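Top to bottom, those sequences are chains F and S. Counting from 1, one number per residue, gives the positions in the first sequence under the numbering used here. Counting from 1001, one number per residue, gives the positions in the second sequence under the numbering used here. Note that beta-carbon positions come from the ideal geometry of N, C-alpha and C, so glycine has one too. Remember, it's a predicted structure, so these values are computed and weren't measured experimentally.
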Amino acid sequence: VSPESGHDEL
Amino acid sequence: MNIFRISADLLHLASFFILIFKMKATKSCKGISFKTQLMYTLVFTCRYLDLFHVLGMMITFNFAHITGLTLYNTFMKILFLAASYYIVYLMRTELKSTSDDARDTFVLWHILAPCAVLALIFNAQFTILEILWTFSIYLEAVAVMPQLMLLIETGEADSLSSHYMFAVGGYRALYLVNWVYRYATEPYYSNWIAWIAGFVQTALFGDFFYYYFVKIMSGDAALKLPT
């Protein structure tokens, strides 16, 4: 799972 | 990752450098709303809390899920946080004497309270991280209000301020294009919360863009708003 809590945008 | 997204992030990054350059070059923060800059630090602080998770994984050499995109995002998040806090720091220390607080009259809880309530109701997941992320999305959409009010009250903006506003307003417009592109080319769920907020955010810059292009066409130095 992406470590960015599901949000891959800034 | 697509060209629209990359150019959006670079335009956003440019907006920080334009503002910092302007403040350093003119040694003044006249015409810049402290409240809007403060809101931006709150937006990035609430949105980039996952930084701790990513940095935690990096210092424990757990690179399993660290992709190139994660590295890019992490680098940009740190830049955005550092730049926005630096701007607020500058406005409250070195350039405090030139601050426009007297005319920066927007009442902040008029945007903070509705965004907080909306984030508690309309969110993708009822978790702390997700609610804060959603709050940051809603808040960013309206964070420019104090700056717009100040601009209207001033009646005009010098060219650097207008380029700053163009960059800040334009980046989210490019994100809207990025979302359309991703929706058309990837199995990408369109995050309707970010969509609607991004649309509102861009729309708020609408009349500013109009006067900005009029200024560019007429070759004026300063941006003129109808008083």
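Cα-Cα separation between residue i and residue j, rounded to whole angstroms
i	j	result
Cys1046 of chain S	Met1001 of chain S	23 Å
Lys1027 of chain S	Ser1099 of chain S	11 Å
His1065 of chain S	Ala1119 of chain S	28 Å
His1110 of chain S	Ala1116 of chain S	11 Å
Leu1010 of chain S	Trp1195 of chain S	20 Å
Ser1097 of chain S	Asp1104 of chain S	14 Å
Leu1309 of chain S	Val1142 of chain S	Since the first residue shown for chain S is 1001 and the last is 1227, residue 1309 of chain S is missing from the structure and cannot be characterised.
Ile984 of chain S	Phe1075 of chain S	Nothing about residue 984 of chain S can be reported from this structure: the residues present for chain S run from 1001 to 1227 only.
Leu1176 of chain S	Arg1182 of chain S	10 Å
Met1149 of chain S	Met1217 of chain S	24 Å
Val1200 of chain S	Gln1147 of chain S	16 Å
Tyr1171 of chain S	Met1145 of chain S	17 Å
Phe1126 of chain S	Glu1153 of chain S	40 Å
Ser1007 of chain S	Phe1063 of chain S	27 Å
Pick from the options that is closest to residue i, judged by C-alpha positions
i	options	result
Leu10 of chain F	S:Phe1044, S:Ile1152, S:Leu1055	S:Phe1044
Asp1158 of chain S	S:Arg1103, S:Asp1009, S:Lys1030, S:Ala1113	S:Lys1030
Leu1151 of chain S	S:Val1054, S:Leu1010, S:Leu1225	S:Leu1225
Leu1019 of chain S	S:Gln1037, S:Phe1004, S:Asp1009	S:Gln1037
Leu1042 of chain S	S:Phe1075, S:Ile1087, S:Gly1198, S:Arg1005	S:Ile1087
Met1023 of chain S	S:Glu1186, S:Asn1178, S:Tyr1164, S:Phe1004	S:Tyr1164
Coarse secondary structure for residue i, derived from DSSP in three states
i	result
Glu1156 of chain S	strand
Cys1223 of chain S	Looking at the sequence itself, residue 1223 of chain S is Leu, so the reference to Cys does not match. In this structure, Leu1223 of chain S counts as strand in the three-state DSSP scheme.
Lys1027 of chain S	coil
Phe1209 of chain S	helix
Gly1198 of chain S	helix
Arg1103 of chain S	coil
His1065 of chain S	coil
Val1144 of chain S	coil
Sequence-distant residues of the same chain with beta carbon closer than 7 Å to residue i, five excluded per side
i	result
Leu1132 of chain S	Cys1046, Leu1049
Ala1184 of chain S	none
Glu1130 of chain S	Asn1123, Ala1124
Beta carbon proximity, residue i to chain C, threshold 7 Å
i	result
Met1039 of chain S	Of the protein chains in the structure, F and S, none is chain C.
Own chain partners of residue i with C-beta closer than 6 Å, once the 5 adjacent residues on each side are dropped
i	result
Lys1215 of chain S	Leu1223
Ala1014 of chain S	Ala1167
Ser1084 of chain S	Tyr1040, Thr1041, Phe1044
Thr1227 of chain S	Gly1155
Exposure label - residue i; buried when at least 16 CB within 10 Å
i	result
Leu1071 of chain S	exposed
Leu1069 of chain S	exposed
Trp1192 of chain S	exposed
Ala1167 of chain S	buried
Val1180 of chain S	exposed
Ala1221 of chain S	exposed
Ala1025 of chain S	exposed
His1012 of chain S	buried
Ile1137 of chain S	buried
Ser1162 of chain S	buried
Tyr1210 of chain S	exposed
Val1107 of chain S	exposed
Glu1140 of chain S	buried
Met1082 of chain S	Inspection of the sequence shows that residue 1082 of chain S is occupied by Ala rather than by Met. With fewer than 16 other Cβ atoms within 10 Å, it is exposed.
Ala1197 of chain S	buried
Beta-carbon proximity list for residue i, same chain, < 8 Å, skipping 5 on both sides
i	result
Ile1078 of chain S	Leu1051
Asp1228 of chain S	Summary: the structure shown does not reach residue 1228 of chain S, with chain S confined to residues 1001 through 1227, and so no result is reported for it.
Asn1178 of chain S	Asn1002, Phe1004, Arg1005, Ala1008
Near the ligand PLP: residue i beta-carbon under 6 Å from a heavy atom
i	result
Thr1098 of chain S	Looking at this structure, you won't find the ligand PLP or any other ligand, since it has none at all.
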